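Colleague: Below is the structure I would like to discuss, written out as structure tokens.
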Amino acid sequence: GNSVTQMEGPVTLSEEAFLTINCTYTATGYPSLFWYVQYPGEGLQLLLKATKADDKGSNKGFEATYRKETTSFHLEKGSVQVSDSAVYFCALYSGTYKYIFGTGTRLKVLA
Amino acid sequence: ETGVTQSPTHLIKTRGQQVTLRCSSQSGHNTVSWYQQALGQGPQFIFQYYREEENGRGNFPPRFSGLQFPNYSSELNVNALELDDSALYLCASSLADTQYFGPGTRLTVL
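First to last, the protein sequences are chains E and R.
Per our numbering, residue 40 is the first one in the first sequence, and the count goes up by one each step.
Per our numbering, residue 198 is the first one in the second sequence, and the count goes up by one each step.
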């Protein structure tokens with residue numbers, strides 16, 4: 040079946056450090072891929088998405104490239120801020136009715 | 198454009214009770230999905246409604262049921278509450294492949 044695997048957290052970085060959160064997936068066909076962010080006590084906010092191979096999603100300085108050859112969709116940001124501290128979820132949608140989410144990666148950015 | 202809203206924000210119930218959670222979808226979105234998010238976990242799909250019909254269901258027992266109304270708002274009903282039902286319940290509305298989530302309802306079962 041379809042699945043999403045994210046790197047274990049928490050990830051702790053200093054402000055202005057480079058961020059990578061790894062995400063790999065297993066799916067039949069050509070799923071759409073997403074990153075969502077969840078701040079404490081809140082729901083999920085769409086951060087970025089990519090719908091086909093080699094697409095790059097980007098938003099608020101975050102980027103992720105859909106790599107079909109490695110079945111990956113790693114999230115990157117060149118310079119993190121304290122306000123980026125949150126839990127990040129990778130998800131896929133394969134055209135059935137549901138999203139499959141990873142377990143989430145907590146990011147903590149220190150000033 | 199109004200986003201996805203959910204009510205109530207928080208709820209405390211006791212084992213065996215029943216609960217109804219509500220969701221108003223984003224304007225123009227005809228599909229609503231419900232998810233359960235346990236503490237420290239990713240969201241787990243409960244079911245989806247499309248134009249008032251259940252369109253798919255995850256691995257949840259029948260005591261989890263739902264409705265979608267003509268205005269595309271939705272309800273999640275849970276009967277015979279168990280302690281393990283304590284979680285954040287998220288509603289998401291969509292028109293195509295992108296889901297937009299509400300802030301969630303935090304349910305605590307004592």
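For glycine and all other residues, C-beta sits at the position ideal for the given N, C-alpha and C.
Predicted model, so just to flag it, every value in this text is computed and none were measured.
(1) Quick one: which chain E residues come within Cβ less than 8 Å of residue 252 of chain R?
(2) Check the DSSP bridge columns for residue 76 of chain E and list the partner residues they point to.
(3) What residues of chain R sit near residue 143 of chain E, judged by a beta carbon separation below 7 Å?
(4) When you compare the region 47–62 of chain E with the region 114–128 of chain E, are there three or more beta-carbon pairs, one atom per stretch, that lie closer than 8 Å?
(5) So residue 213 of chain R contacts chain E; which residues on that side make the cut at Cβ distance below 7 Å?
(6) If I'm right that residue 315 of chain R touches residue 220 of chain R with Cβ under 8 Å, what's the distance once you round it to whole angstroms?
(7) Can residue 142 of chain E and residue 109 of chain E be called in contact, C-beta distance under 9 Å?
(8) List, in order along the chain, the chain E residues whose C-beta lies closer than 9 Å to that of residue 204 of chain R?
(9) Please list the residues of the region 268–287 of chain R that have a C-beta atom closer than 9 Å to any C-beta atom in chain E, keeping them in chain order.
(10) In chain order, what are the residue ranges of uninterrupted beta strand (DSSP E) at least 3 long that sit wholly in the region 225–253 of chain R?
(11) Can you list, in chain order, the residues of its chain with a C-beta nearer than 6 Å to that of residue 254 of chain R? Leave out the 5 residues immediately preceding and following it.
(12) Can you list the residues of chain R that residue 112 of chain E reaches, using a CB-CB cut of under 8 Å?
(13) Nearest to residue 151 of chain E by CA position, among E:145, E:144, E:46, E:74, is which residue?
(14) Rounded to the nearest angstrom, what separates residue 51 of chain E and residue 147 of chain E at their Cα positions?
(15) Less than 9 Å separating the beta-carbons of residue 137 of chain E and residue 230 of chain R?
(16) Please work out which residues of its chain come closer than 8 Å, Cβ to Cβ, to residue 47 of chain E, disregarding the five sequence neighbours upstream and downstream, and give them in chain order.
Modeller: Reading off the structure:
(1) 136
(2) E:84, E:127.
(3) 239
(4) yes
(5) Per Cβ cutoff of 7 Å: no residues; residue 213 of chain R is ~28 Å from chain E at best.
(6) The requested residue 315 of chain R is not part of the displayed model; chain R covers only 198 to 307.
(7) no
(8) Residues of chain E passing the Cβ test: none, with the nearest at roughly 13 Å.
(9) When C-beta distances to chain E are compared with 9 Å, the residues of the region 268–287 of chain R below that value are 285, 287, in chain order.
(10) 228–234, 241–247
(11) 244
(12) Going along chain R, no residue has its Cβ under 8 Å from residue 112 of chain E, so there is no contact; the nearest lies around 15 Å.
(13) There is no way to answer for residue 151 of chain E, as the model of chain E reaches only from 40 to 150.
(14) 5 Å
(15) yes
(16) 144
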